[in-house]
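Report on the structure given below.
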Amino acid sequence: MTEAQRAALANWLAERAGADRAVIEEACKLSGGAIQENWLIKVTMDGGSLPGLSELVLRTDSPSRVVQSHGRGQEFALLKVARAVGMTVPEALFLDDQGEAIGKPAYVMRRAAGTANPRQLTRDPALDPHRPSLAENLGREIARLHRIKPPHAELDFLGPAPTAPAAQRAESFLTELDSLPSPLPILEWGRRWLARNAPPSDRVVLCHGDYRIGNVMVDGAQITGILDWEFASWSDPMEDIGWLCARCWRFGVDKREVGGVGARTDLYRGYEAEAGYMVDWSSVPYWEVMATVRWAIIAHHQGLRHTSGAESSVELALTGRKAVEMELDVLNQIRRIEEGA
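So the sequence shown is numbered by the working numbering: it starts at 1255 and just counts up by one.
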């Protein structure tokens, strides 16, 4: 962030907060965020709604973006709606939808305490006694979100709710695969299997779309913030569960089927307790295949952002390389389902 951007941001923050003056003490780019940029902003304000020193996060666009991701104004609205139903999300404070402060759209939210680092959350032995409650609370959090049903006045930008979420999601992969420069026969086959085996949905709700370890802030053993809402959509609630439980999001700790941090039984118990009814979990393996195919396609697109020269990034390059591993997962997952394992 340039000095000119810092000065403009300070003035913009002071105006939005109703402060006499704002001074940015520190502005540093946070790790992660392959699709968006996140900046830690430490700011001191005189008066207004945020007097004294505050730690905020500025979220803005990366140099190149994924077409399917929402804009900052839409993500800001999603945070507001999620917070209103009791989800643990950072408080969204100010929206700069026109890019007045730093030259591109952004919004500011309070910083959530703790870490979202998957390697730490999946491997820290200090968390082991707390893993059942952590997995249970992951279930409770997403069950709260799934109370939101279409239509919703503040979420018109999501478009009409799908009548057959699984089949329509599988159909959408055709365009994404066709936009890649080389054919990917395993993913084409996996997509066809998903289309042929798409289960009906008796509920369509607001889904996070990227609910996984890495997008969950944890402080001690407490969830302090659900992050990164750019893929939220109307869908079958099991899409979020399948995404969280898919092997590709366990970060190598495969024995803990809930994102590498906990057990399914704890996740399911928390979800049902919060939802207030028993859930049929039989379609989750299908949605795990959906998650793996989807993430493999995204990984190929992420790698292309690097190889095309649009954005030089070791992280993007490595993500592209991971796609082959996920293609093998697709074959193994479908074989287990068809063999009844």
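Backbone N, C-alpha and C fix where the C-beta goes; we use that ideal spot for every residue, glycine too.
Exposure of residue i, with buried meaning 16 or more beta-carbon neighbours within 10 Å
i     : result
Y1525 : buried
S1487 : buried
Y1522 : buried
Y1531 : exposed
S1308 : buried
P1305 : exposed
G1594 : exposed
G1340 : exposed
R1423 : buried
G1506 : exposed
T1546 : buried
G1353 : exposed
L1572 : exposed
C1499 : buried
R1590 : exposed
P1419 : buried
L1375 : buried
K1323 : Residue identity differs from the one stated: residue 1323 is Ser in this sequence, not Lys. Under this definition S1323 is a buried residue.
L1570 : buried
G1514 : buried
R1548 : buried
A1380 : exposed
N-terminal and C-terminal residue of the beta strand (DSSP E) that residue i is part of
i     : result
Y1361 : 1360-1364
M1471 : 1470-1473
T1596 : It is not possible to answer for residue 1596, since the shown part of the chain is limited to 1255 through 1595.
W1535 : Run containing W1535: none; DSSP gives neither H nor E here.
L1460 : 1459-1461
A1281 : 1275-1283
W1488 : 1487-1489
E1484 : Run containing E1484: none; DSSP gives neither H nor E here.
L1310 : 1306-1315
Run of the alpha helix (DSSP H) containing residue i, from where it starts to where it stops
i     : result
N1292 : Premise fails: N1292 lies in the beta strand (DSSP E), 1290-1300, not in any alpha helix (DSSP H).
W1497 : 1492-1499
K1509 : Premise fails: K1509 is in no alpha helix (DSSP H) and is neither H nor E.
I1467 : It is not in any alpha helix (DSSP H) - I1467 carries neither H nor E in the DSSP assignment.
R1394 : 1385-1399
E1526 : 1518-1529
L1263 : 1257-1271
Of the listed residues the options, nearest to residue i (C-alpha basis)
i     : options                    : result
G1596 : R1466, H1554, N1265        : Because the chain in this structure spans residues 1255 to 1595, residue 1596 falls outside the shown range and cannot be described.
H1504 : A1571, R1377, V1277, Q1328 : Correcting the residue identity first, residue 1504 is Arg in this sequence and not His. Closest option to R1504, Cα to Cα, is R1377.
I1295 : G1272, G1302, A1360        : A1360
L1428 : I1440, R1445, A1355        : R1445
P1404 : P1491, A1553, D1300, R1510 : P1491
A1598 : A1367, A1346, L1312, N1391 : No statement about residue 1598 is possible, as the shown extent of the chain runs from 1255 to 1595 and does not include it.
L1332 : D1300, G1463, G1594, R1423 : G1463
W1266 : F1348, V1543, A1475, P1437 : F1348
A1367 : A1264, G1301, V1472        : V1472
M1299 : Q1290, S1316, R1270, A1397 : R1270
L1558 : L1434, T1417, S1316        : L1434
W1497 : S1455, Q1352, G1468, T1369 : G1468
P1303 : Q1422, R1275, L1570        : Note that residue 1303 is Ser in the sequence shown, not Pro. It is R1275.
S1387 : T1369, G1474, L1438        : G1474
A1479 : A1571, V1533, I1396, L1582 : In the sequence as displayed, the identity of residue 1479 is Gly instead of Ala. Nearest option by C-alpha distance: I1396.
W1447 : D1508, Q1587, R1457        : Q1587
S1489 : A1421, K1576, K1509        : A1421
D1534 : D1456, Q1476, P1419, S1567 : D1456
L1426 : E1592, S1566, I1551        : Reading off the sequence, residue 1426 comes out as Ser, not Leu. Per the Cα distances, I1551.
L1406 : H1555, L1310, I1591, L1460 : It should be noted that the sequence gives His, not Leu, for residue 1406. It is L1460.
V1470 : R1373, A1577, V1584        : R1373
N1371 : R1510, H1384, S1285        : S1285
E1345 : D1351, S1323, L1310        : L1310
D1351 : E1257, P1379, E1484, T1314 : T1314
V1297 : W1483, D1508, V1277        : V1277
A1281 : A1273, R1337, E1257, S1567 : E1257
R1260 : W1293, L1438, G1272        : W1293
L1585 : I1402, P1439, R1337        : P1439
I1402 : V1512, A1338, D1508        : A1338
D1520 : N1451, E1579, H1384, F1485 : H1384
V1538 : T1417, E1493, A1273        : E1493
A1527 : K1334, D1382, R1398, F1485 : R1398
* Enumerated in chain order, which unbroken segments of the beta strand (DSSP E) with a length of 3 residues or greater are wholly contained in the segment 1331-1355? -> For the segment 1331-1355, whole beta strand (DSSP E) runs of length 3 or above, ordered along the chain, are 1346-1350.
* May I have a chain-ordered list of the beta strand (DSSP E) segments no shorter than 3 residues that lie completely inside the segment 1542-1570? => Taking 3 residues as the shortest admissible run, the segment 1542-1570 contains no complete beta strand (DSSP E) segment at all.
* To do: Evaluate contact between the segment 1324-1332 and the segment 1391-1401, counting only Cβ atoms and requiring at least three cross-stretch pairs below 8 Å.
  => Taking 8 Å as the limit for Cβ pairs, the verdict is that the segment 1391-1401 does not touch the segment 1324-1332.
* Determine contact between the segment 1538-1553 and the segment 1401-1415, defined as no fewer than three beta-carbon pairs at a distance below 8 Å. => Counting Cβ pairs under 8 Å, fewer than three are found: no touch.
* To do: Could I get the ranges of all uninterrupted beta strand (DSSP E) runs contained in the segment 1407-1451, with 3 residues as the minimum, in chain order?
  => Within the segment 1407-1451, no complete beta strand (DSSP E) run reaches 3 residues.
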